[in-house]
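Each number in this note's numbering comes from the position in the sequence shown (counting from 1) with 707 added on.
The beta carbon of each residue, even a glycine, is placed where N, CA and C say it ideally should be.
Source: prediction; values computed, not measured.
Following: one structure in structure tokens, then a few remarks.
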Amino acid sequence: MNATTYTARAHTNIALIKYWGKKDEELILPMNNSLSLTLDRFYTETSVTFDEQLKDDLFLLDGSRENGNKVSKFLDIVRKKAEINIKAKVISQNHVPSTAGLASSASAYAALALAASKAAGLSLDKKELSRLARRGSGSACRSIYGGLVEWQKGTDDQTSFAYPLEMPNNFEITMVALVVNADYKKISSRAGMKRVVETSPYYPAWVQTAAKDLKNIKQAIVERDFETFGEIAEENAMKMHALNMSAHPHFNYLEPNSIKAMQIVEKLRLEGVSCYYTLDAGPNVKVICLKRDVKVIAGTLSDSFGQEKVLVAGPGPAAHLI
Ligand code: 2P0
708 MNATTYTARA HTNIALIKYW GKKDEELILP MNNSLSLTLD RFYTETSVTF DEQLKDDLFL
768 LDGSRENGNK VSKFLDIVRK KAEINIKAKV ISQNHVPSTA GLASSASAYA ALALAASKAA
828 GLSLDKKELS RLARRGSGSA CRSIYGGLVE WQKGTDDQTS FAYPLEMPNN FEITMVALVV
888 NADYKKISSR AGMKRVVETS PYYPAWVQTA AKDLKNIKQA IVERDFETFG EIAEENAMKM
948 HALNMSAHPH FNYLEPNSIK AMQIVEKLRL EGVSCYYTLD AGPNVKVICL KRDVKVIAGT
1008 LSDSFGQEKV LVAGPGPAAH LI
């Protein structure tokens, strides 16, 4: 086999209906469908070369050699599919402002799935790529596509994958991210969601209402009803954080400045600006708004927290080879 290098770029995504809990940890099958927006501003570029000369897999992230256990485990899945037994060199670069705290396993595993499958000689269609990316990190299956994306939970490896949703015309969703703390090292998403599934008494209610939230947000997208869209996304995110606070032992990703930013968003809303917040497994606040309101929202957050803490992203493209 020729040691050909393939390089892929995949963008991060922000979930509007969150994935928070697995029913199968090995296959990474989620408890509920989720919905996200792929973002233009933040992405990962990854090159993969399978090389007979290598004795071990080699993984370089942003220029330094990293422990590649998780990456090797993922490459094993690719090797098995391609029926090869060759080690690989993986070089990955995150294109996220260095202090943003927004680097994500979603863009990382989507880029790796595309580059590694190509380098191994596989020619996967998008559904197969989404399924493969999912094995690295659940949210990565959504980053195979651009724009609005739904991850269908499915019932097994074959049926759990993402697909794109139509973005209506003149529905210019934009995200204003506030970096509250770029360096948080709290409980990982993987461990957090596992604890929640196992211990939160509210988990069954999450599963039930996430399905309703998804149905309603899709309706809001079709109707281009941004207010309903934002309200559902905000409420869904708060339910996810409520699960964390109700786990045993309980945990919480929010910091004082997260709450402060959420209150600023609520105040802007009272003043007539259509904006809604969402937070993932960390304290950073992402404000969902329409493009026309970016200036006022980014300006207000900059006044309170400093311009360097505020980043704006719009809808981004599907994962692709470069
Ligand atoms: C999401 N998050 O839907 C949710 C909301 C964070 C909060 O997916 O264990 O890194 O690798 O499947 O995908 C982050 O979790 O977890 C995540 P694994 P992942 O975006």
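Checklist entry - So what does DSSP say about PHE781, is it helix, strand or coil? => result In the three-state scheme derived from DSSP, where H, G and I count as helix and E and B as strand, PHE781 is classed as helix.
Item to check | Nearest-angstrom Cα separation, counted from GLU759 out to VAL886 | outcome: Cα to Cα, VAL886 sits roughly 43 Å from GLU759.
Item to check | Supposed close pair THR745, GLY1023 - CB separation, criterion 8 Å | outcome: About 4 Å separates the beta carbons of THR745 and GLY1023, which is inside the 8 Å limit, making them a contact pair.
Item to check | Proximity winner among LYS833, ASP783, GLY828, relative to ALA710 (alpha-carbon distances) | outcome: Nearest of LYS833, ASP783, GLY828 to ALA710, Cα basis: GLY828.
Checklist entry - How about the segment 845–852 and the segment 966–974: do they share at least three Cβ pairs that are nearer than 8 Å? => result Segment contact: the segment 845–852 against the segment 966–974, fewer than three CB-CB distances shorter than 8 Å; contact not assigned.
Item to check | Within 8 Å, strictly: CB atoms of TYR816 and ALA840 | outcome: Yes, they are a contact pair.
Item to check | Nearest-angstrom beta carbon gap, LYS825 and ASN739 [assumed within contact, 8 Å] | outcome: Contact flag wrong, Cβ pair sits at about 31 Å.
Checklist entry - If you run the structure through DSSP and keep just helix, strand and coil, what is ASN801? => result ASN801: strand per DSSP, three-state reduction.
Checklist entry - Can you list, in chain order, the stretches of the beta strand (DSSP E) that have 3 or more residues and sit fully within the segment 898–951? => result Correct list: empty.
Item to check | Complete beta strand (DSSP E) runs within the segment 750–775 (minimum length 3 residues, chain order) | outcome: Residue ranges of uninterrupted beta strand (DSSP E) with 3 or more members, entirely inside the segment 750–775 and ordered along the chain, are 765–768.
Next on the checklist: Does TYR713 come out as helix, strand or coil in the three-state DSSP assignment?
Outcome noted: Here TYR713 sits in strand by DSSP.
Checklist entry - So, using beta-carbon positions, are ASP890 and GLY808 closer together than 8 Å? => result Less than 8 Å separates the beta-carbon of ASP890 from that of GLY808.
Checklist entry - Can you find a heavy atom of ligand 1 that lies under 7 Å from the Cβ of SER844? => result Yes - ligand 1 has a heavy atom lying nearer than 7 Å to the Cβ of SER844.
Item to check | Given 8 Å, three or more beta-carbon pairs between the segment 915–930 and the segment 750–767 | outcome: Using a Cβ-Cβ distance cut-off of 8 Å, the segment 915–930 and the segment 750–767 are not in contact, since fewer than three pairs of beta carbons, one from each stretch, lie closer than that value.
Next on the checklist: Can you tell me where the beta strand (DSSP E) holding VAL992 begins and where it ends?
Outcome noted: DSSP places VAL992 inside the beta strand (DSSP E), whose first and last residues are 992–997.
Next on the checklist: So within the segment 856–887, which uninterrupted beta strand (DSSP E) runs reach at least 3 residues, ignoring any that extend past its ends?
Outcome noted: Counting only runs of 3 or more, we get 868–871, 880–885.
Item to check | Coarse secondary structure for PRO963, derived from DSSP in three states | outcome: It is helical.
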